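This report refers to the structure that appears directly beneath it.
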Amino acid sequence: MTDISAVKDALRRQHIETPSWAYGNSGTRFKVFPQPGVPRTPQEKIDDAAQVHRFTGVAPSVALHIPWDTVDDYAALADYAEERGVRVGAINSNVFQDDDYKLGSVTNPDPAVRKKALNHLLECVDIMDATGSRDLKLWFSDGTNYPGQDDIRERQDRLFEALQAVYERLGDDQRMLLEYKLFEPAFYTTDVPDWGTSYAHCLKLGPKAQVVVDTGHHAPGTNIEFIVAFLLREGKLGGFDFNSRFYADDDLMVGAADPFQLYRIMYEVVRGGGYEPAAGIAFMLDQCHNIEPKIQGQIRSVMNVQEATAKALLVDADALREAQRSGDVLAANAVFMDAFNTDVRPLLAELREEMGLHPDPVAAYKASGYFERIVAERVGGTQAGWGA
Ligand code: PSV
Ligand code: MN
Ligand code: MN
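Sequential numbering of the sequence shown, starting at 1, is according to full-length UniProt numbering.
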């Protein structure tokens, strides 16, 4: 039997980080559909993130993206966030938008471009010092489009050289999270295409280097929960970029495409001790809301992660183990499916009320008048960063 009050305690201390770029205008390469009321400044993105936390109670930090969220004084920005009840989370670097990076950033054949990229990454660590952020999230668009275009092996050497320089610059309480992605924008080779490549570099670098799993960055059919279980076992899972996908890197709301996959992932997190704060796993969202309202989209996403987590915590671990040990395939699967098929919405509504929140965060947000206020106040909102 699962102890419901222990499940509730675990859910009460859940921490899901929202990304600053989710609040700005975004779209595809075909069209960005501007929405009224979107933030014009990093401060306004933080204001919106604070709303998500206000109504869900489990989204107390917001990730920044540099240079999309450039300000003169990062310590002041961190203070600003705290005054609004949230804090600055991971710092995301950006070495993919300058013309110089056409042939890559840290893996570019030109040493001057590599140096420029490295300087940006080091600057991101300076920003972390000012904001008190623990994590530097690294995603590289580096790769090649044509066979023979560049030397695959040398690009790995260049990558490692840069990663090592960043690693050495990290403070004692700071980490780097190395994200992988199968393809796009490079279409032949990507320099960090999969968890194995990220893992191998992180292993060589040391304990402050960890793999981050973006759920949208795999080939169709990839068993992501296996990757999660493996990395957790090896002490190399640093965190998640949650989103969902039907085709490629769709960046849709987490849990929208495949809530069962999200549950299976969260089960492995719980099973491997990754839900314990000591494990230090960062649960982040990495999404764009191209056609739906953004703050509401983030609230819905946070709720989707909560629901999957609640189900994972509800798995009757003793019954599952017993069925597994006795080789009862169907009984084991039934225990696993029982938890997935539980409607956890009443439990979460009850929990929210215990936390002093409205049981329905979307309804409460809609009734708050915040959206109408930002639409009236904010004129000329900016893009999330993509194509800005
Ligand atoms: C690009 O694929 C990407 O979505 C990566 O997942 C990063 O985490 C994110 O952009 C922000 O740079
Ligand atoms: Mn990502
Ligand atoms: Mn992505």
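A virtual CB, placed ideally from N, CA and C, is assigned to each residue, including glycine.
Values in this document were obtained by computation on a predicted structure and should not be read as measured data.
Checking the 7 angstroms criterion, the Cβ of Trp-68 is out of range of every heavy atom belonging to ligand 2. Contact fails between the region 188 to 205 and the region 241 to 252, because fewer than three Cβ pairs, one in each stretch, are under 8 angstroms apart. Residue Thr-41 holds the alpha-carbon nearest to the alpha-carbon of Asp-72 among Phe-96, Asp-135, Val-62 and Thr-41. Sixteen is the threshold: since fewer than 16 other Cβ atoms of the shown chains lie within 10 Å of the Cβ of Glu-168, the residue is exposed. For Asn-341, there is no enclosing alpha helix (DSSP H), as DSSP marks it with neither H nor E.
The continuous stretches of beta strand (DSSP E) do not include Met-266, which lies in the alpha helix (DSSP H) extending over residues 259 to 271.
Sorting Ala-50, Ala-319, Leu-252 and Asp-318 by C-alpha distance to the C-alpha of Glu-292 places Leu-252 at the top.
Not a single heavy atom of ligand 2 lies less than 7 angstroms from the C-beta of Trp-21. In the three-state reduction of the DSSP assignment, Ser-244 falls in the strand class, which pools E and B. DSSP lists Phe-242 as the beta-bridge partner residues of Leu-285.
Nearest neighbour of Ile-265 by Cα position, chosen from Thr-18, Pro-39, Ser-26 and Ile-224, turns out to be Ile-224. In this structure Ala-6 is exposed. Its beta-carbon is surrounded by fewer than 16 other beta-carbon atoms within 10 angstroms. At a threshold of 7 angstroms, Glu-179 counts as near ligand 2, since its beta carbon sits closer than that to one of the ligand's heavy atoms.
A distance below 8 angstroms between beta-carbons, with the five flanking residues on each side excluded, links Gly-132 to the following residues of its chain, in chain order: Ala-78, Arg-87 and Val-88.
The three-state reading of DSSP puts Pro-277 in helix, counting H, G and I together.
For Gln-210, the enclosing beta strand (DSSP E) begins and ends at 209 to 214. Remark: C-beta atoms of Asp-126 and Ala-90 do not approach each other more closely than 8 angstroms. Annotated as distal: Glu-184 and Asp-98, with beta-carbon spacing of 8 angstroms or more.
For the region 30 to 70, the continuous alpha helix (DSSP H) assignments of 4+ residues that do not extend past its boundaries occur at 42 to 56, in sequence order. At least one heavy atom of ligand 2 falls within 7 angstroms of the beta-carbon of Asp-214. CA-to-CA, the gap between Ala-112 and Arg-29 works out to about 29 angstroms. Val-375 carries a helical assignment under DSSP once its states are collapsed to helix, strand and coil. In this structure, Trp-139 places its C-beta atom within 8 angstroms of the C-beta atom of Lys-181. Two segments are said to touch when three or more pairs of C-beta atoms, one from each, lie closer than 8 angstroms; by this definition the region 321 to 337 does not touch the region 357 to 370. Judged by the Cβ position, His-65 qualifies as a neighbour of ligand 1 at the 7 angstroms threshold, a heavy atom of the ligand being closer than this. DSSP lists Leu-136 and Ala-209 as the beta-bridge partner residues of Met-176. Lys-294 is a Cβ neighbour of Gln-35, given a cutoff of 8 angstroms. When DSSP assignments are scanned along the region 89 to 158, the uninterrupted stretches of beta strand (DSSP E) that are 3 or more residues long and fall wholly within it turn out to be 135 to 138. Straight through space, the alpha carbons of Val-58 and Gly-274 are spaced by roughly 17 angstroms.
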